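Below is one structure, written out as structure tokens; comments come after it.
2 protein chains.
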Amino acid sequence: MSLRYALLGLLAEQPASGYDLTQRFEQQLATIWPAKHPQIYGELSRLADAGSIEIDSEGPRGRKVYRITDAGRAEMRRWLTEEPVDHTMRIEPILRSLFYWLMEPDDLERHLEREAAYYREQAEVFKQVAAAKDRGDYGDAPHVKSMRITVEAGIRLYEALADWAEWAETASSGRSCEMPRVDAGEPFASRTDELLKGFGTD
Amino acid sequence: MSLRYALLGLLAEQPASGYDLTQRFEQQLATIWPAKHPQIYGELSRLADAGSIEIDSEGPRGRKVYRITDAGRAEMRRWLTEEPVDHTMRIEPILRSLFYWLMEPDDLERHLEREAAYYREQAEVFKQVAAAKDRGDYGDAPHVKSMRITVEAGIRLYEALADWAEWAETASSGRSCEMPRVDAGEPFASRTDELLKGFGTD
DNA sequence: TTACACATGTAACACGTTACATGATTTT
DNA sequence: AAAATCATGTAACGTGTTACATGTGTAA
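Chains H and V, in that order, give the protein sequences.
Just so you know, we're using our numbering here: the first sequence kicks off at 1292 and counts up by one.
Just so you know, we're using our numbering here: the second sequence kicks off at 1292 and counts up by one.
As structure tokens, this is what we get:
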């Protein structure tokens, strides 16, 4: 369902064709919400059928530029304010870490080095974009400010993962176990018990 | 494809039934790799057909406990060392942030407060688990050490998101724009240009 | 004129969720 | 005796990817 609103939101900025939107997903949204052209074209048709968008103009090579309608803008605002946020995350590299114990130490070390490098590079890319925005390269339109916030999430997320991968390298290379202590604070009642149970060796 | 290996990896720890595995996904993997029972049962059948797992024992109420086979263990190691990591991330809350400019300031502030609280709570839960592990509550089996690394990722990820949401609150509440400067460092050649282009106002 | 980028779409498949369906054992 | 939990599965649907298919305009 999110792709639908992603398209609606992008079209709220300015009219665009399926091709334009595909480029934008590839170039700037690939890391937080990937989408390929077949899905985008399909969703655009459905949005047009629903009256949330309409054809703005047609160009050469069958190019169709869509524009958001008032109904579409209303639908987008409804989503933003009324639909509960979906916090689902599927992060394969973290899932993998659950099975590090099955890897040879050498393989694991190489793996973690590559992971750290990848995340660090991604963080750098986001930092570049942030710097460009802070320099004012893109003006100060409202949607540019939102993008700056999105980019900040990218920086922090990838930086956190890079740090984690580096930490994991030292944590798993040690003779047996030199995990840093985590300060515990007040115990949580409900979910923690379940989690603790779940995380046990049984 | 990842679910397949998640199941294989969990069965590498110890034999378990579809029901057991479903519990584990609900209780401890829900935040990093959610999976519901229909998918799990289906995948277990396929793994058994492929000879990666086999029935260890059958219990009351049709309970079927599976055990990993040597072929399954080999397949798991192949995945860990040879299959490229899938870095795809789909994080709806971050996608949403791209459209914050369409929200009323009051709605946005409430939204960000809730987001921050949610992430902070999740981070706390992971910290509790980490503390329990560091206390040695679960022993020091190899797979427990891996889990400790996984939990660390949870802590860092949710903490980063909580900090981000709090930062976004002040960043967007300001009269117009008081984004902190990001230090730029050396520019990246290839991907950054594309990204910068993509992130433009056009 | 040949190659490349533009531009859209369909079909088949893989992955994931929700709803439906069933029945056995244990606890209250 | 009723309710809760254990335990497995199917069917329909929604979402996302890959491969296939087609044709136009522009630049080398």
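Heads up, the beta-carbon is just placed ideally off N, CA and C, and yes, glycines get one too.
The structure presented is a predicted model; accordingly, all values stated were derived computationally and were not measured.
Item: Quick one: does V1376(V) have its CB under 8 Å from some CB of chain H?; Value: yes
Item: Between the alpha carbons of Q1318(H) and D1377(V), how many angstroms are there, rounded?; Value: 18 Å
Item: Measure how close the beta-carbons of W1526(H) and R1447(V) come, nearest whole angstrom, since I'm counting them as under 8 Å.; Value: No answer is possible for residue 1526(H): the residues shown for chain H start at 1292 and end at 1493.
Item: In chain H, which residues lie less than 8 Å from G1300(V) when you measure between Cβ atoms?; Value: L1389, F1390 and L1393
Item: L1298(H) and L1338(H): beta carbons closer than 8 Å?; Value: yes
Item: Taking just the CA atoms, how far does A1408(H) sit from Q1305(V)?; Value: 33 Å
Item: Measuring CB atoms only, is the region 1395 to 1405 of chain H touching the region 1436 to 1452 of chain H, in the sense that at least three cross pairs come out at less than 8 Å?; Value: no
Item: List the endpoints of the continuous beta strand (DSSP E) containing S1348(V).; Value: I1344 to E1349
Item: Would E1366(V) be called buried (16 or more neighbouring beta carbons within 10 Å of its own) or exposed?; Value: buried
Item: Looking at C-alpha atoms only, which residue of D1340(V), R1315(V), V1420(V) and A1414(V) is the closest neighbour of A1453(V)?; Value: A1414(V)
Item: Identify which residue in S1308(H), V1416(H) and Y1429(H) has its Cα closest to the Cα of G1350(H).; Value: S1308(H)
Item: With a threshold of 16 other CB atoms inside 10 Å of the CB of G1300(V), please say whether the residue is buried or exposed.; Value: buried
Item: I want to see whether chain H comes within less than 8 Å of Y1409(V), judged by CB atoms only; does it?; Value: yes
Item: Please report how far the alpha carbon of R1255(V) lies from the alpha carbon of A1462(V), in whole angstroms.; Value: The shown model of chain V, from 1292 to 1493, leaves out residue 1255(V), and the question about it has no answer.
Item: Check whether the region 1347 to 1361 of chain H and the region 1329 to 1343 of chain V are in contact - that is, three or more C-beta pairs closer than 8 Å.; Value: no
Item: Please compile the residues from chain V whose C-beta is within a distance smaller than 9 Å of the C-beta of H1328(H).; Value: What H1328(H) touches in chain V: nothing, since even the nearest Cβ is about 16 Å away.
Item: Once DSSP output is grouped into helix, strand and coil, what is the label at A1307(H)?; Value: strand
Item: Do you know whose CA, among Y1449(H), A1326(H) and Y1391(H), lies nearest A1432(V)'s CA?; Value: Y1391(H)
Item: Taking just the CA atoms, how far does A1341(V) sit from G1430(H)?; Value: 57 Å
Item: At least one CB of chain H closer than 8 Å to the CB of A1453(V): is that the case?; Value: no
Item: Under DSSP, the beta strand (DSSP E) around I1359(H) begins and ends at which residues?; Value: K1355 to I1359
Item: Would you identify the three-state DSSP class for W1324(H), choosing helix, strand or coil?; Value: coil
Item: Nearest to E1450(V) by alpha carbon, out of K1355(V), M1394(V) and K1418(V)?; Value: K1418(V)
Item: Can you confirm whether K1355(V), when its beta carbon is compared against all beta carbons of chain H, has any partner nearer than 8 Å?; Value: no
Item: Report yes if the CB atom of L1302(H) is closer than 8 Å to the CB atom of R1358(H), and no otherwise.; Value: yes
Item: Who are the neighbours of D1398(H) on chain V, taking C-beta pairs under 8 Å?; Value: L1371 and T1372
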